[in-house]
Amino acid sequence: MARYGMVIDTAKCVGCMDCVVACKTENNVPEGFNRDWIAYETNGVFPTLTQEIRSERCNQCDNPPCVYCCPSGASHVSEQGGIVLVTQDECVGCKACMAACPYGARFVNPEGYADKCTFCNHRLENGELPACVSVCPTYCMHFGDFDDPESEVSKLLKSRKNHPLIPAAGTEPQIYYLV
Amino acid sequence: MNELVITRMNHLIDPNLHIWGWEVPVYLFFGGLVAGIMIISGYFIVTHKYKAENSALTFLPYLGIILISVGMGSLFLDLEHKLFTWRMYTAFMWKSPMSWGAWILMLVYPILLILSFIKISPMIGALIPGLYKISERINKPNILKALGILSISIGALLGLYTGVLLSAFGARPAWNSAMLWIIFLTSGLSAAAALIHMIAKNKDERELLAKSDNVLLIIEFVLILLYLVGLLTSSQVSNDAAMLLINGKFAAIFWIFVVGIGIIIPLIIQLSAVTHRIKHTSVGPILVLFGGLMLRFIIVAVGQYSHWSSAVLK
Numbered sequence: 001m002a003r004y005g006m007v008i009d010t011a012k013c014v015g016c017m018d019c020v021v022a023c024k025t026e027n028n029v030p031e032g033f034n035r036d037w038i039a040y041e042t043n044g045v046f047p048t049l050t051q052e053i054r055s056e057r058c059n060q061c062d063n064p065p066c067v068y069c070c071p072s073g074a075s076h077v078s079e080q081g082g083i084v085l086v087t088q089d090e091c092v093g094c095k096a097c098m099a100a101c102p103y104g105a106r107f108v109n110p111e112g113y114a115d116k117c118t119f120c121n122h123r124l125e126n127g128e129l130p131a132c133v134s135v136c137p138t139y140c141m142h143f144g145d146f147d148d149p150e151s152e153v154s155k156l157l158k159s160r161k162n163h164p165l166i167p168a169a170g171t172e173p174q175i176y177y178l179v
Numbered sequence: 001m002n003e004l005v006i007t008r009m010n011h012l013i014d015p016n017l018h019i020w021g022w023e024v025p026v027y028l029f030f031g032g033l034v035a036g037i038m039i040i041s042g043y044f045i046v047t048h049k050y051k052a053e054n055s056a057l058t059f060l061p062y063l064g065i066i067l068i069s070v071g072m073g074s075l076f077l078d079l080e081h082k083l084f085t086w087r088m089y090t091a092f093m094w095k096s097p098m099s100w101g102a103w104i105l106m107l108v109y110p111i112l113l114i115l116s117f118i119k120i121s122p123m124i125g126a127l128i129p130g131l132y133k134i135s136e137r138i139n140k141p142n143i144l145k146a147l148g149i150l151s152i153s154i155g156a157l158l159g160l161y162t163g164v165l166l167s168a169f170g171a172r173p174a175w176n177s178a179m180l181w182i183i184f185l186t187s188g189l190s191a192a193a194a195l196i197h198m199i200a201k202n203k204d205e206r207e208l209l210a211k212s213d214n215v216l217l218i219i220e221f222v223l224i225l226l227y228l229v230g231l232l233t234s235s236q237v238s239n240d241a242a243m244l245l246i247n248g249k250f251a252a253i254f255w256i257f258v259v260g261i262g263i264i265i266p267l268i269i270q271l272s273a274v275t276h277r278i279k280h281t282s283v284g285p286i287l288v289l290f291g292g293l294m295l296r297f298i299i300v301a302v303g304q305y306s307h308w309s310s311a312v313l314k
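Each protein sequence line maps, in turn, to chains B and W. Mapped onto this note's numbering, the consecutive letters of the first sequence carry residue numbers 1 to 179. Mapped onto this note's numbering, the consecutive letters of the second sequence carry residue numbers 1 to 314.
Next up, the structure:
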């Protein structure tokens, strides 16, 4: 069994938003909505400030509260890669999954169902990388299988200091940021 | 300093979660109210108080059916994918409180319908004389006792569920407290007692429910304080959530409308009424009902506003 995830190098990310544009184009994301976005986090006291730029999206959590709270079973975890997906014609649009997500990664598609990042699973089925990863000009985004210790993402996690987002929420996110 | 800027501006998500407007608080309020009606009806049946002349049990089941329908109608309006609502009933997702609620609501209707046969209203009996035959069949001690206990049990489940629904969201610190289970159940019971106190024709029932409501209001006040203490003594994000109600963005409306107008003032009025200092009026019960509705509005709003702050991003 594969466990897909991402490793994103914040030392290389410049916040160019190519990933955002690629996602919107590839997935026909409706106008005014985003499945991925850029976060700029600044810490410290002037003049010793540090800034981390991150490309963020659904964290495809291992312990996904959005799946647990879904009353119809529309939100589910795919067998291949453990990706959190939504079956559109099973979603009632109750928005419980949006309340359950600490990352604000979901939104209501104008057609009424819950929408989110799918890691471009339609591309993965054809052996391609997610659109955001494939267009990154600084090669800061890495996609792969965490269950394979020889994969690029597994090796990067072992070799560099990293952090997921809001680990205290207990959702076990599968996107890690190299620092 | 810690400053987080994001390029995302998704509708209903940013800058703060605001997915649930008036529909969900109204649904939670009516759900709690009907839960209270079922518990009180069950109590009247088990204790044989329903046999008294003009007992409220004559109309409570009908009222319950109407009110739960209003609540479910409100919930339906909130759904974004309305044509697929039936999908809720093609699965039972045991980890989802909303799924539990959907199925509990399906039990509420038949139970209220059966309760309505126990004591047929003369007006309805004149319209459908066949109901008297059904009434005769279920008016047997064992059946009545079972129905009373069932009504209390399903009512309690419904009342608790309205709190469980919110408390299960770990991503919303203000909701993430099991105290909401018992607060919403108590508030629902209190609102039902107030409503029946206001409209019941039987004097003994009115007196009993006014006294009960006073006790419930005191319990509700203590539970709200414990809920805040629980959040305050928990993690930083829970502490921040509590402060939103104690002296933050939601403090004024919380203390004035929920605690002041919804609990303290009606408690004073109803205590004066049961000690015969003033006459029983509708003012106290109306304020209790208003306070119950405001409690749901404020808790739903504060939960959506509370979040895991950027200070704990890593």
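Note that the Cβ used here is the ideal one computed from N, Cα and C, for glycine as well. The model shown is predicted, which means the values in this text are computed figures rather than measured ones.
Which bits of chain B does residue i rub up against, with CB to CB less than 7 angstroms?
i                : result
isoleucine 19(W) : Lys95, Met98, Ala99
asparagine 2(W)  : Asn43
What's the call for residue i, buried or exposed, on a 16-neighbour Cβ count within 10 Å?
i                    : result
glutamate 90(B)      : buried
methionine 98(B)     : buried
leucine 216(W)       : buried
leucine 112(W)       : buried
valine 164(W)        : buried
proline 137(B)       : exposed
alanine 35(W)        : buried
valine 229(W)        : exposed
tyrosine 176(B)      : buried
isoleucine 38(B)     : buried
asparagine 59(B)     : buried
alanine 171(W)       : buried
threonine 118(B)     : buried
arginine 35(B)       : buried
phenylalanine 143(B) : buried
arginine 57(B)       : buried
threonine 48(B)      : exposed
tyrosine 27(W)       : buried
valine 14(B)         : exposed
alanine 168(B)       : exposed
leucine 313(W)       : Caution is warranted here: a pLDDT of 45 is assigned to leucine 313(W), below 50, making its placement in the model unreliable, and the coordinate value is therefore given only provisionally. Its Cβ being crowded by 16 or more others within 10 Å, leucine 313(W) is buried.
tryptophan 100(W)    : buried
Under 7 angstroms Cβ-Cβ, which residues of chain W neighbour residue i?
i                : result
glycine 73(B)    : Ala91, Met93
asparagine 34(B) : Arg8, Asn10
Cα-Cα, which of the options is closest to residue i?
i                 : options                                    : result
valine 222(W)     : Ala242(W), Gly130(W), Ile263(W), Glu205(W) : Ile263(W)
isoleucine 152(W) : Ile299(W), Glu3(W), Ile45(W)               : Ile45(W)
isoleucine 199(W) : Ile68(W), Tyr109(W), Thr281(W)             : Thr281(W)
lysine 140(W)     : Trp255(W), Lys51(W), Ser234(W)             : Lys51(W)
serine 33(W)      : Ala301(W), Trp308(W), His11(W), Gly291(W)  : One detail in the question is off: residue 33(W) reads as leucine in this sequence, not serine. When only C-alpha atoms are compared, the closest one is Gly291(W).
glycine 159(W)    : Met294(W), Gly31(W), Val302(W)             : Gly31(W)
asparagine 43(B)  : Asp36(B), Ala100(B), Ile53(B), Arg35(B)    : Ile53(B)
isoleucine 37(W)  : Val258(W), Ala193(W), Leu267(W)            : Ala193(W)
serine 55(B)      : Arg8(W), Ile183(W), Leu293(W), Gly125(W)   : Arg8(W)
serine 190(W)     : Leu289(W), Asn16(W), Tyr62(W)              : Leu289(W)
isoleucine 183(W) : Ile66(W), Leu295(W), Glu136(W)             : Leu295(W)
Assuming residue i contacts residue j under a Cβ cut-off of 8 angstroms, what Cβ separation, rounded to an integer in Å, is found between them?
i                 : j                    : result
proline 25(W)     : phenylalanine 297(W) : 4 angstroms
isoleucine 104(W) : leucine 157(W)       : 5 angstroms
threonine 186(W)  : isoleucine 134(W)    : The pair is not a contact, with the Cβ atoms about 34 angstroms apart (cut-off 8 angstroms).
leucine 325(W)    : serine 177(W)        : No statement about residue 325(W) is possible, as the shown extent of chain W runs from 1 to 314 and does not include it.
alanine 56(W)     : glutamate 207(W)     : With 8 angstroms as the limit, alanine 56(W) and glutamate 207(W) do not qualify as a contact, their Cβ atoms being about 13 angstroms apart.
valine 300(W)     : tryptophan 20(W)     : 6 angstroms
leucine 79(W)     : valine 67(B)         : Not a contact, Cβ separation roughly 19 angstroms.
aspartate 240(W)  : glycine 104(B)       : Not a contact, Cβ separation roughly 17 angstroms.
Please confirm if residue i has its CB atom under 8 angstroms from at least one CB of chain W.
i                : result
valine 14(B)     : no
glutamate 31(B)  : no
tyrosine 68(B)   : yes
alanine 166(B)   : Per the sequence shown, residue 166(B) should be read as isoleucine rather than alanine. Closer than 8 angstroms: yes.
isoleucine 53(B) : no
tyrosine 176(B)  : no
isoleucine 38(B) : yes
Along chain B, which residues have their Cβ under 8 angstroms away from the Cβ of residue i?
i                : result
isoleucine 68(W) : Going along chain B, no residue has its Cβ under 8 angstroms from isoleucine 68(W), so there is no contact; the nearest lies around 18 angstroms.
alanine 241(W)   : Within 8 angstroms Cβ-Cβ: nothing; alanine 241(W) doesn't reach chain B, min ~13 angstroms.
8 angstroms is my cut-off, CB to CB: does residue i come that close to chain B?
i                    : result
aspartate 14(W)      : yes
arginine 315(W)      : No answer is possible for residue 315(W): it lies beyond the span of chain W, which begins at 1 and ends at 314.
asparagine 10(W)     : yes
phenylalanine 254(W) : no
lysine 314(W)        : Residue placement at lysine 314(W) cannot be trusted, given a pLDDT of 44 that sits under 50; the coordinates are not used to answer.
threonine 7(W)       : yes
phenylalanine 30(W)  : no
leucine 79(W)        : yes
threonine 47(W)      : no
Starting from residue i, find everything on chain W with Cβ-Cβ shorter than 8 angstroms and list it in chain order.
i              : result
proline 130(B) : What proline 130(B) touches in chain W: nothing, since even the nearest Cβ is about 18 angstroms away.
Verify the contact flag: residue i, CB atom, against every heavy atom of the ligand SAH, threshold strictly below 7 angstroms.
i             : result
serine 212(W) : You won't find the ligand SAH in this model; it holds no ligand whatsoever.
In chain B, which residues lie with their C-beta within 9 angstroms of the C-beta of residue i?
i               : result
arginine 296(W) : Per Cβ cutoff of 9 angstroms: no residues; arginine 296(W) is ~15 angstroms from chain B at best.
So with CB distances below 9 angstroms, who are the chain W contacts of residue i?
i              : result
glycine 170(B) : Gly170
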